[in-house]
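Using UniProt numbering, the first residue of the sequence shown is number 1, and each one after it goes up by one.
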Amino acid sequence: MAKTADQPRERFTNFTPYEMKKGEEYMSAEMLQHFKELLLRWKQELMEEVDRTMHHMQEDAANYADPSDRATQEEEFSLELRTRDRERKLIKKIDQTIDRIDKDDYGFCDQCGVEIGTRRLEARPTATLCIDCKTLAEIRERQTGI
Ligand SMILES: [Zn+2]
């Protein structure tokens with residue numbers, strides 16, 4: 001029985017939380033560098049996962065005579081392809097975020113302009129909204145999405 005495809009890592013946890021120095025300004029050059037490194041390492045990890053998925057599929061590809069075996073394999077592959085697609089989208093989002101860091105346009109809410117905060121950004125480095133605006137947007141989405 002083959003294993004099912006893993007979910008892409010929506011979070012990156014392999015880092016040391018940033019400690020602001022006394023009197024340090026939010027999104028100082030050093031802080032921006034911290035998030036850039038975090039995003040680059042996360043991206044690296046995701047790209048390795050995409051590679052692993054590809055290898056897994058190539059190794060597993062077999063010609064089954066039994067149609068039900070074939071169906072199972074097709075199902076597994078389509079699951080893996082969906083995971084890969086999500087990983088690719090996430091990598092794209094990470095690239096866009098790194099771009100914003102390079103333009104010194106990172107860490108503030110796109111909606112209301114407040115500081116998103118280092119802890120929230122470490123939990124979700126690609127966040128572009130503060131927690132309040134994000135919550136509001138989700139409520140609105142739910143109301144109009146049905
Ligand atoms: Zn906001």
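We treat Cβ as the ideally placed atom computed from N, Cα and C, and that holds for glycine.
Bear in mind the structure is a predicted one, so any value in this text is a computation, not a measurement.
Could you tell me whether any non-hydrogen atom of ligand 1 is closer than 8 Å to the CB of residue i?
i: residue 147; result: Any answer about residue 147 is impossible in this case: the structure gives the chain only from 1 up to 146.
i: G117; result: no
i: L129; result: yes
i: G107; result: no
i: Q73; result: no
For residue i and residue j, I'd like the C-alpha separation in whole angstroms.
i: L136; j: D110; result: 13 Å
i: R142; j: A65; result: 46 Å
i: L79; j: M27; result: 39 Å
i: L38; j: K22; result: 22 Å
i: D105; j: L121; result: 14 Å
i: Y18; j: L46; result: 22 Å
i: D60; j: R70; result: 12 Å
Consult DSSP for residue i and reduce its assignment to one of helix, strand or coil.
i: E115; result: strand
i: F108; result: strand
Who are the Cβ neighbours of residue i in its own chain at under 7 Å, not counting the five residues just before and after it?
i: G132; result: According to the sequence displayed, residue 132 carries Asp and not Gly. There are no such residues.
Please list the segments of the beta strand (DSSP E) lying wholly inside the UniProt domain "DnaK suppressor protein DksA N-terminal" (32-101), counting only runs of 3 or more residues, in order along the chain. DSSP runs (the beta strand (DSSP E)) wholly in the UniProt domain "DnaK suppressor protein DksA N-terminal" (32-101): none.
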